[in-house]
Amino acid sequence: MTLFSLKMNRLTLGLGIALAFSIAPMAHAEDGEYGVLMKTLANPFWGAMSKGVEDGAKEAGIKYFLQAAENDQAAEPQLNLCNTMLERKPVAMITAAINSTNLLPCLKTAQDAGIKVVDLDGNLDPAVLDKEGIKITFRIGSDNVAAGGQAAEYLASKLGKDAKGPVLVIEGLSGNVTGQKRVQGFEAKLKELAPGLEVVASLPGDWDRGKAASITNDILTRNPDLVAIFAANDGMALGAVEAAYAAGKGEQVTIIGVDGNSDAVKSIKDGRLNASVAQLPYLVGKQAVENVKKSLAGEEVPASIAVPTLVLTKDLLEAGTEPMLKYVK
Amino acid sequence: MTSETAKLSFWANAQRNSVERLHIRLESFVVLIVLCAAMALLSPFFLSLSNFLNILLATSTIGVLAIAATFVIGAGGLDLSLGSVMGLSGVAGAYVAVNLGAPSVLGLAACVVAGGAAGYINGQLVTRAFVPAFIVTLGMLGLARGLALVISDGRVIYGLPSMMVYVGQGRPLGVPMPVIIFLVTAIVAHCVLAYSKFGRHTLALGDSEGAARAAGIRVDWHRRVLYTLSGALAGLAGMLVMARIKSGDPTAGLNYELTAITAAIIGGTNLFGGRGSILGTMIGALIMGVLQNGLTLLAVQSYYQQMAIGAVLILAVFIDQYQVRKESRV
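Okay, here's the thing in structure tokens:
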């Protein structure tokens, strides 16, 4: 028994030390490094963004360390990660918060320690930040209003300035800022460019493919002469495509989504979905790092940086000459 | 030779004393110390007061849930609804304070009451409807999560009053409030489980329900109290998270029940009941907390952290089983 307990403790000790040394070569602290905190990596959007961060940091000669929560709903674990990352004393924290409040205590601590805080992909609410007294260095992400506008531009150029007919808008989750901005941008630009195209219904599809399909069904019954559908993301646009083809009106209705995800790209190549306004997360990640470097060097950096979005169409994808295509995930 | 013998008996004594007096296994404590030493060697940022508080803060939620898990598992039961009930409690508190506009105190109380109510229902179903605890609490896992999503309409509830947020973000004397609440809860719970009649009955129940019944312990009543307590503690954890992230998040606590059970098991709680101590569980929770903290400081990606915790769980139970077998052979 006594002999055994000593052995047991040697075993635990040995295993502990083995564990310690197995992780030893993985990392050590660096001066002037950036902390990057993502929502998750288990998603192509964030994967592309972290690739952008990686390439941007390599080009600019910057050290960084990246962490991400297990999934994009793990709000408290993300706060814990953020707090721990601060202990490494980075010079900047580039954060994509899971919701608009979960990282606030950490960002406040970072600010008090003189660490620059960057809002990656615009997840923080400026009003809430003001109330908490947190000043971020800049926010960077796609300009969702402009993305909606680009969809309207595409529609006006495809159907012509004098086109007439009813248009359906499928919104995101009601109350979601991203979805609202895309819809605002689309509706404002459409009124300007092709006033004959009238938005007859604007309904929340909750980012859900099935819900978007049933909305499309209902509206096609009410307005059989529907000419176009704008959906605030690709999933919903693909739902609308299915419903429109099922109703035999696939050729008649022009359907546009936002995101440029791989399903949408495939559908565009197959000639079903007409267009998608692609976000370029790779560029967002890359430019975030580049701008932090500028800001640390004392250069002026705009408070809000909009990364361009790209309208994907069958012609564009088949031609393959557009230089920004390589950033589409 | 003599010094060797003295050393051996020192270990043996230390082990026996730790088991008898503090109700912990020395091995888990040794693992924790070794882990801390390794992290301190590897990362210059590990050993600092602020990081120490940071580890405790990150462990507070799981720690409170693990206390609940230790009581229920120690009595031979199981509560798989801990994480969901935690999420429900946070939403209930935020709903009462934000949507109903009730005073902050009521909002905080609503968290614990909602958790306790869910636990009470678990207890009633286990003892009166004779549905196995695994099934009841698995059902409650879905029910509580669904209800949280219904109440909040699937969205995060923002706009908590600042007084409510104090329990999650306040720092009296520099110590985060969740750490204070967690440590006080742990000390009280340790004394109850290790030294009170209620605690002894809990473990007796887990050892052998028949024997406990024969000894005159009110088995069903005891179980109902335990499940209600478990739910209320999940409610307390929900309150801490709600205040920390300043919102009622219906998805909070996803899979936390498994992490809490892991902490209890690493800390020496027998999955089939009859043995367990809060101090051991705290060490188990801290082992996971230190591991996560250290690996994050070393910039090891979170996926590897999950692997490390999985490995530690199996390792801890392996050591435990090895010990038990060896003892039964001697």
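Chains as they are written, first to last, in my numbering: chain F, 68 to 396; chain R, 874 to 1203.
From the three backbone atoms N, C-alpha and C, an ideal C-beta is built for every residue, glycine too.
Between H1063 of chain R and H1095 of chain R a beta carbon distance of about 19 Å is seen, past the 8 Å cut, so the two are scored as non-contacting.
Exclusion of the five residues before and after Q1178 of chain R leaves Q1165, L1168 as the residues of its chain whose Cβ lies within less than 6 Å of its Cβ.
Apart from the 5 residues on each side of it in sequence, A124 of chain F sits with its Cβ closer than 8 Å to the Cβ of Y101, K130, Y131, V356 in its chain, given in chain order. Under DSSP, E238 of chain F takes part in a beta bridge, and its partners are F:P271. A939 of chain R and D188 of chain F have their C-alpha atoms some 35 Å from each other. Non-local beta-carbon contacts of S371 of chain F in its own chain, meaning distances under 6 Å to residues more than five positions away in sequence, involve R206 in chain order.
With contacts defined by Cβ atoms closer than 8 Å, C909 of chain R and M1115 of chain R do not form a contacting pair. Take the alpha-carbon of V267 of chain F and the one of I286 of chain F: they are about 9 Å apart. Across the stretch 1095-1124 of chain R, CB contacts with chain F closer than 8 Å involve V1114, R1117, I1118, K1119, S1120, D1122, T1124, in sequence order along the chain. Beta-bridge annotation (DSSP): P233 of chain F is paired with F:E265.
Neighbours of R155 of chain F in chain R, taken as residues whose beta carbon is under 7 Å from its own, are F918, L1170 in chain order.
Here A1077 of chain R has A1085 as same chain residues with Cβ atoms under 6 Å from its own Cβ, once five neighbours each way along the sequence are excluded. Interface criterion met: the Cβ of N924 of chain R is under 8 Å from a Cβ in chain F. With a threshold of 8 Å between beta carbons, Y968 of chain R makes no contact with chain F. Contact note: Q134 of chain F reaches chain R through T1169, A1172, Q1174, S1175, using a C-beta cutoff of 8 Å and chain order. Between Y394 of chain F and L347 of chain F, the C-beta gap is smaller than 8 Å, which places the two residues in contact. Only residues of its own chain outside the window of five on either side were considered, and among them G950, L951, V999 have a CB closer than 6 Å to the CB of A1006 of chain R, listed in chain order. Taking a C-beta distance under 8 Å as the contact criterion, D326 of chain F and A345 of chain F qualify as a contact pair. With contacts defined as CB atoms closer than 8 Å, A931 of chain R and N150 of chain F qualify as a contacting pair. In this model, M1037 of chain R and V978 of chain R are separated by some 7 Å (Cα to Cα). Note on T107 of chain F: 16 or more other CB atoms within 10 angstroms of its CB, so buried under the neighbour-count rule.
Separation of S209 of chain F and K248 of chain F (C-alpha to C-alpha, rounded to the nearest whole angstrom) is 11 Å. At least 8 Å separates the CB of T1058 of chain R from every CB of chain F.
In the three-state reduction of the DSSP assignment, A364 of chain F falls in the coil class. Taking a Cβ-Cβ cut-off of 8 Å, Q178 of chain F has no neighbours in chain R, whose nearest Cβ is about 15 Å from it. Neighbourhood of N927 of chain R in chain F, by CB distance below 9 Å: N147, N150, T151, L153, E154, in chain order. A straight line joining the alpha-carbon of V1197 of chain R with that of A159 of chain F spans about 50 Å. For L171 of chain F, the closest Cβ of chain R is nearer than 8 Å.
At a cut-off of 8 Å between beta carbons, T245 of chain F makes no contact with chain R. Considering only beta carbons, the part of the stretch 1011-1033 of chain R lying closer than 7 Å to chain F consists of R1028, V1029, Y1031, in chain order. When Cβ-Cβ separations below 8 Å define contact, T388 of chain F makes no contact with chain R. Taken through DSSP and simplified to helix, strand or coil, I201 of chain F comes out as coil.
DSSP places Q247 of chain F in the uninterrupted alpha helix (DSSP H) bounded by 244-260. Look at the stretch 932-957 of chain R: the residues with a C-beta under 8 Å from a C-beta of chain F are T934.
The DSSP-derived three-state label of G1162 of chain R is helix. Beyond the five residues adjoining it in sequence on each side, G114 of chain F comes within less than 7 Å, by CB distance, of L108 in the same chain, given in chain order.
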